[in-house]
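S.K.: In the order they appear, the protein sequences are chains B and P.
Under numbering that gives the first Met the number 0, think of the first position of the first sequence as 0, with each following residue one higher.
Under numbering that gives the first Met the number 0, think of the first position of the second sequence as 0, with each following residue one higher.
The beta-carbon is built from N, C-alpha and C at its ideal position, and this holds for glycine as well.
Structure in structure tokens, see below.
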Amino acid sequence: MLADLLEPAIVISVLAAALRIATPILLAALGEVVAERAGVYNMGLEGTMLIGAFVAYFVTFQTGLASAGLLAAAASGALVSLLFAFMVVTLQVEQIVTGLAINLLGAGLSTYALRAAFADAATVPAIGFMPSLPLPWLAGLPVLGPILFEQKLLTYLALLAVPAVAWFLFRTRMGLELRCIGENPKALDTKGLSVPARQYGALLFGGVMAGLGGAFLSVGSAARFVPDMTNGRGWLALVIVIAGAWRPWRILAAALAFSLLDALQLQIQGVGLKLPFQLLLALPYICAILAMILLRPRAGVPAMLGVAYRREDVA
Amino acid sequence: MSWPGHFGWTLVRRPAGGLASLAAAFTLAALATGLIGGLLFLAAGAAPAQAFAALAKGAFGSWRAVSETLVKATPLIFTGLATALAFRARLWNIGAEGQVFAGAIVAYGCSLQLAGLSPWLQVPALLTAAMLGGALYGALAGLLKVLGRVDEVISTVMLNYIIVFGLSLLLLHGPWSEAGGFFEQSAKIDPGAALPKLVTGLRVHLGFVLALLMAVLVGFLIERTPLGFEIRAAGSNLRALAFQGARIGRLILVVMALSGALAGLAGASELLGVQQRLKAGTLVGYGYTGIIIAILGQLRPLGIVLAALLFGALVNGATLMQIQTGVPSALIYALQAIVLLAFLIARAATGWRLRRLAHAG
Numbered sequence: 000m001l002a003d004l005l006e007p008a009i010v011i012s013v014l015a016a017a018l019r020i021a022t023p024i025l026l027a028a029l030g031e032v033v034a035e036r037a038g039v040y041n042m043g044l045e046g047t048m049l050i051g052a053f054v055a056y057f058v059t060f061q062t063g064l065a066s067a068g069l070l071a072a073a074a075s076g077a078l079v080s081l082l083f084a085f086m087v088v089t090l091q092v093e094q095i096v097t098g099l100a101i102n103l104l105g106a107g108l109s110t111y112a113l114r115a116a117f118a119d120a121a122t123v124p125a126i127g128f129m130p131s132l133p134l135p136w137l138a139g140l141p142v143l144g145p146i147l148f149e150q151k152l153l154t155y156l157a158l159l160a161v162p163a164v165a166w167f168l169f170r171t172r173m174g175l176e177l178r179c180i181g182e183n184p185k186a187l188d189t190k191g192l193s194v195p196a197r198q199y200g201a202l203l204f205g206g207v208m209a210g211l212g213g214a215f216l217s218v219g220s221a222a223r224f225v226p227d228m229t230n231g232r233g234w235l236a237l238v239i240v241i242a243g244a245w246r247p248w249r250i251l252a253a254a255l256a257f258s259l260l261d262a263l264q265l266q267i268q269g270v271g272l273k274l275p276f277q278l279l280l281a282l283p284y285i286c287a288i289l290a291m292i293l294l295r296p297r298a299g300v301p302a303m304l305g306v307a308y309r310r311e312d313v314a
Numbered sequence: 000m001s002w003p004g005h006f007g008w009t010l011v012r013r014p015a016g017g018l019a020s021l022a023a024a025f026t027l028a029a030l031a032t033g034l035i036g037g038l039l040f041l042a043a044g045a046a047p048a049q050a051f052a053a054l055a056k057g058a059f060g061s062w063r064a065v066s067e068t069l070v071k072a073t074p075l076i077f078t079g080l081a082t083a084l085a086f087r088a089r090l091w092n093i094g095a096e097g098q099v100f101a102g103a104i105v106a107y108g109c110s111l112q113l114a115g116l117s118p119w120l121q122v123p124a125l126l127t128a129a130m131l132g133g134a135l136y137g138a139l140a141g142l143l144k145v146l147g148r149v150d151e152v153i154s155t156v157m158l159n160y161i162i163v164f165g166l167s168l169l170l171l172h173g174p175w176s177e178a179g180g181f182f183e184q185s186a187k188i189d190p191g192a193a194l195p196k197l198v199t200g201l202r203v204h205l206g207f208v209l210a211l212l213m214a215v216l217v218g219f220l221i222e223r224t225p226l227g228f229e230i231r232a233a234g235s236n237l238r239a240l241a242f243q244g245a246r247i248g249r250l251i252l253v254v255m256a257l258s259g260a261l262a263g264l265a266g267a268s269e270l271l272g273v274q275q276r277l278k279a280g281t282l283v284g285y286g287y288t289g290i291i292i293a294i295l296g297q298l299r300p301l302g303i304v305l306a307a308l309l310f311g312a313l314v315n316g317a318t319l320m321q322i323q324t325g326v327p328s329a330l331i332y333a334l335q336a337i338v339l340l341a342f343l344i345a346r347a348a349t350g351w352r353l354r355r356l357a358h359a360g
């Protein structure tokens, strides 16, 4: 039975599924790493993703355009992160508490909006499945084609975001400034560069990415919205940022490792191996804890992560 | 501590927020929530005044309504206290949610062994078992932090997800699933294990009294005992506490276990006091709502009891509101988060004041 898992066709489909499963987590994690490099710990990813998932679903349902849904999800993520930024950067409310509050808001608001919008309907209507977008020529490649190039738009976007974020953080002046905020915000402040403005920017990017990650769950794969459909993916994105040592390429590796596990457990259920399915479903969360234990040295954590920057009193 | 202001004004942090600024924050938060809630009512096509009236009537309109409000508030007092105890030490235990499950699971497991015995023996034994179950699950996250350096926020959230699957393993075609039952739930517990009702004919049960008792105990523990001193010290300056020779690892374990024990009682109170059977859906959400309760209650027992009563009223009143106005009762969960955000913003905003820069004259 286990040998079935090594059939080439199955290997290809597991790898392709792994990329698909990685997409929402990777999007959120790449946004989060920019915010965390700028010293802000946004624990509100789960709630932001839920809001993005609902908004994407609802706008797509209303307009019939998946692209409109994706744009709206990105905008809603930006809006939520603006609220988060106002609270933690401007008002300096505890970052962990604010993040939790955003999660509760996302869960409550998205569930309420769903119930209010479809109060009279017996079931929540489904929207059309978002088609995959096979890339011309590349999709025809053997093995690599079906794995890499027959994915959906957001998966390509997530994969392209890896080099883009890496380039931005480590090869541009703005990236350098952001990383400096995470390590020594005063250095930037004394040069007359605004710390809050940059943190707002970093958080906005994180919000857009989390909103898109949520959109992938509803519009991109399930074709509907279900309350709490993120199922901890926002939290897994936080784990992946840590497991990826705050570096985009390693974050990609960590996200793929997790999603490969997830794709494999789906296959294992498929070949009818007699394992309780609950155990398989709990696997990603158990592995998250194990990953955190094994990655004890915590290399790469920004020194000022989670610490609000306050100027000395000048008056 | 000031930001560059426009036009010669700057924001300055106030030295310490007194009772007046706290009251101002609560008033602002209540106003903001009322306003946003009203808009959400309108969005659902209901008249806000009518919806608020139905909410209030559902929560307090009769003795029965008041009793139901207390029933809904009971687990929230436990989880609020659980969260506050950990947060006071700046231990971010987000795991009350899972610890509620752990308490209910262990209590149910023990109830199978004790069935038929005197209620005088069963009830105290099962409450203890629930505390033990919650304490163990809380201590597990503590252990991961002390030995594995795993951030407690992450580990407790992961443990919250894991235990839901664990319970499903027991209940869905598992050893505890109800014989011949269709739903994913256990059989009813022995009648001798049920928490006694406080008033005949009403559902409010012993768990509510126990919750109030725990509020007093937690207050005493934090303010009057050496352990409480260490908890408060850890909350304000962990490093200084370590320099004084306090054993931080042990403190983390003890606080996480105590916090988990309190959350476990919420599970027992629901299992033995209300549902009489184990079912995942009846335990969901108390832990997360407990975080809101703890923060609104300013991590103080009295505040937590008041906040839990308010939220119990909201949850209870929402049923009548949905029947009378058609506004989905899920609104309440959105409103709870909005109360929290509004309070956090108002609390921070009243801690700042505008000041004219001297040189801007």
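Alpha carbon to alpha carbon, what distance is there between P:Leu330 and P:Ala31?
M.R.: Near 15 angstroms, if we compare the C-alpha coordinates of P:Leu330 and P:Ala31.
S.K.: Can you look up P:Ser20 in the DSSP assignment and give me helix, strand or coil?
M.R.: P:Ser20 falls in the helix class under three-state DSSP.
S.K.: Name the residues in the segment 210-236 of chain B whose C-beta lies less than 7 angstroms from a C-beta of chain P; which are they?
M.R.: Against chain P - using a Cβ distance shorter than 7 angstroms - the residues of the segment 210-236 of chain B are Gly231, Trp234.
S.K.: When you compare the CB of B:Arg246 with every CB in chain P, is at least one pair closer than 9 angstroms?
M.R.: Output row for B:Arg246: interface = no.
S.K.: Taking the Cβ atom as the reference point for each residue, do P:Leu282 and P:Ala50 lie within a distance shorter than 9 angstroms?
M.R.: Not closer than 9 angstroms, so no.
S.K.: Cβ closer than 7 angstroms: which chain B residues qualify as neighbours of P:Asp189?
M.R.: The premise fails here: P:Asp189 is roughly 27 angstroms from chain B at the closest Cβ pair, so nothing lies under 7 angstroms.
S.K.: In the DSSP assignment, find the unbroken alpha helix (DSSP H) run with B:Arg170 in it and report its ends.
M.R.: It spans 152-170 - the alpha helix (DSSP H) in which B:Arg170 sits, taken as one unbroken run.
S.K.: Throw me the rounded Cβ distance for the P:Thr82 and P:Ala293 pair, which I believe falls under 8 angstroms.
M.R.: Their Cβ separation, rounded to whole angstroms, is 4 angstroms, which keeps P:Thr82 and P:Ala293 in contact under 8 angstroms.
S.K.: Assign P:Lys196 to one of three DSSP states: helix, strand, or coil.
M.R.: P:Lys196: strand per DSSP, three-state reduction.
S.K.: Skipping 5 residues on each side, what residues in its chain have a beta carbon closer than 7 angstroms to that of P:Ala193?
M.R.: Taken in chain order, the residues that qualify are Leu271, Gln275.
S.K.: Using a Cβ distance threshold of 8 angstroms, determine whether the segment 129-143 of chain P contacts the segment 100-120 of chain P, with at least three qualifying pairs required.
M.R.: Contact holds: three or more Cβ-Cβ distances are below 8 angstroms.
S.K.: Drop a sphere of 10 angstroms on the beta-carbon of B:Pro301, count the other beta-carbons inside from all chains shown, and report buried for 16 or more, exposed for fewer.
M.R.: B:Pro301 comes out buried.
S.K.: Since B:Arg291 meets chain P, which of its residues come closer than 9 angstroms, beta carbon to beta carbon?
M.R.: It is Met, not Arg, that sits at residue 291 of chain B in the sequence shown. Neighbours of B:Met291 on chain P, chain order: Leu143, Gly147, Arg148, Val149, Asp150, Ile153, Ser154, Met157.
S.K.: If you measure from the beta carbon of P:Leu171 to each beta carbon in chain B, is any gap under 9 angstroms?
M.R.: Yes - at least one Cβ of chain B is within 9 angstroms of the one on P:Leu171.
S.K.: With 9 angstroms set as the bound, which would you pick, yes or no: does the beta-carbon of P:Tyr136 sit closer than that to a beta-carbon of chain B?
M.R.: It does not; no Cβ of chain B falls within 9 angstroms.
S.K.: Could you tell me the boundaries of the alpha helix (DSSP H) in which B:Val88 lies?
M.R.: Per DSSP, B:Val88 belongs to no alpha helix (DSSP H) and is neither H nor E.
S.K.: Quick check on DSSP: helix, strand or coil for B:Ala314?
M.R.: Below a pLDDT of 50, predicted positions are generally treated as unreliable, and B:Ala314, at 41, falls in that range; no measurement from the model is reported.
S.K.: Taking Cβ positions only, does P:Gln335 come closer than 9 angstroms to chain B?
M.R.: Interface residue, yes.
S.K.: Residues in its own chain within less than 6 angstroms of B:Glu6 by CB, not counting five upstream and five downstream?
M.R.: Once the five neighbours on either side are set aside, B:Glu6 has no close Cβ partner at all.
S.K.: With 9 angstroms as the threshold, decide whether the Cβ of P:Phe6 is near any Cβ in chain B.
M.R.: Here the model assigns P:Phe6 a pLDDT of 49, short of 50, so the residue's position is not dependable and the matter cannot be decided.
S.K.: Residue range of the alpha helix (DSSP H) that B:Asp261 falls in?
M.R.: Per DSSP, B:Asp261 belongs to the alpha helix (DSSP H) from 247-269.
S.K.: So the alpha helix (DSSP H) P:Ala260 belongs to, where does it begin and stop?
M.R.: Run containing P:Ala260: 247-269, per the alpha helix (DSSP H) assignment.
S.K.: Since B:Ala34 meets chain P, which of its residues come closer than 8 angstroms, beta carbon to beta carbon?
M.R.: Neighbours of B:Ala34 on chain P: none; closest Cβ ~16 angstroms, over 8 angstroms.
S.K.: Taking the straight line between their C-alpha atoms, what separation do you get for B:Pro226 and P:Phe77?
M.R.: Near 26 angstroms, if we compare the C-alpha coordinates of P:Phe77 and B:Pro226.
S.K.: Would you kindly report the start and end of the unbroken alpha helix (DSSP H) that includes P:Phe219?
M.R.: It spans 205-223 - the alpha helix (DSSP H) in which P:Phe219 sits, taken as one unbroken run.
S.K.: Taking all protein chains shown into account, decide if P:Glu151 is buried (16 or more other Cβ within 10 angstroms of its Cβ) or exposed.
M.R.: P:Glu151 is buried by the Cβ-count criterion.
S.K.: Can you round the beta-carbon distance between B:Gly68 and B:Thr59 to whole angstroms, since I take them to be within the 8 angstroms contact cut?
M.R.: Confirmed, Cβ separation roughly 3 angstroms.
S.K.: Look at the alpha carbon of B:Ala165 and the alpha carbon of B:Thr22, and state the distance between them as a whole number of angstroms.
M.R.: Cα-Cα distance, rounded: 17 angstroms.
S.K.: Taking the alpha carbon of P:Ala260 as the reference point, which residue from P:Leu197, P:Leu139, P:Leu237 has its own alpha carbon closest?
M.R.: Among P:Leu197, P:Leu139, P:Leu237, the Cα nearest to that of P:Ala260 is on P:Leu139.
S.K.: How about P:Ala267 and P:Leu116: do their beta carbons lie closer than 9 angstroms?
M.R.: Cβ distance not < 9 angstroms, so P:Ala267 and P:Leu116 don't count as in contact.
S.K.: Since B:Leu14 is in the alpha helix (DSSP H), which residue starts that stretch and which ends it?
M.R.: B:Leu14 -> alpha helix (DSSP H) spans 7-36.
S.K.: Could you run through the segment 224-258 of chain P and flag, in chain order, every residue whose CB is less than 9 angstroms away from some CB of chain B?
M.R.: Going along the segment 224-258 of chain P in chain order, one finds no residue with a Cβ nearer than 9 angstroms to chain B.
S.K.: Please determine, among P:Ile230, P:Arg249, P:Gly44, the residue with the shortest C-alpha to C-alpha distance to B:Asp119.
M.R.: Considering only alpha carbons, the answer is P:Gly44.
S.K.: Hey, P:Ile221 and P:Arg87 are a contact pair by Cβ (cut 8 angstroms); roughly how many whole angstroms apart?
M.R.: Right, their Cβ atoms sit about 6 angstroms apart.
S.K.: Below 8 angstroms, how does it come out for the segment 15-33 of chain B and the segment 151-161 of chain B: are there three or more Cβ pairs, yes or no?
M.R.: With a cut-off of 8 angstroms, the segment 151-161 of chain B and the segment 15-33 of chain B count as touching, because enough Cβ pairs lie within range.
S.K.: Could you give the DSSP three-state label for B:Ser66: helix, strand or coil?
M.R.: In the structure shown, B:Ser66 sits in a helix (DSSP, three-state: H, G or I).
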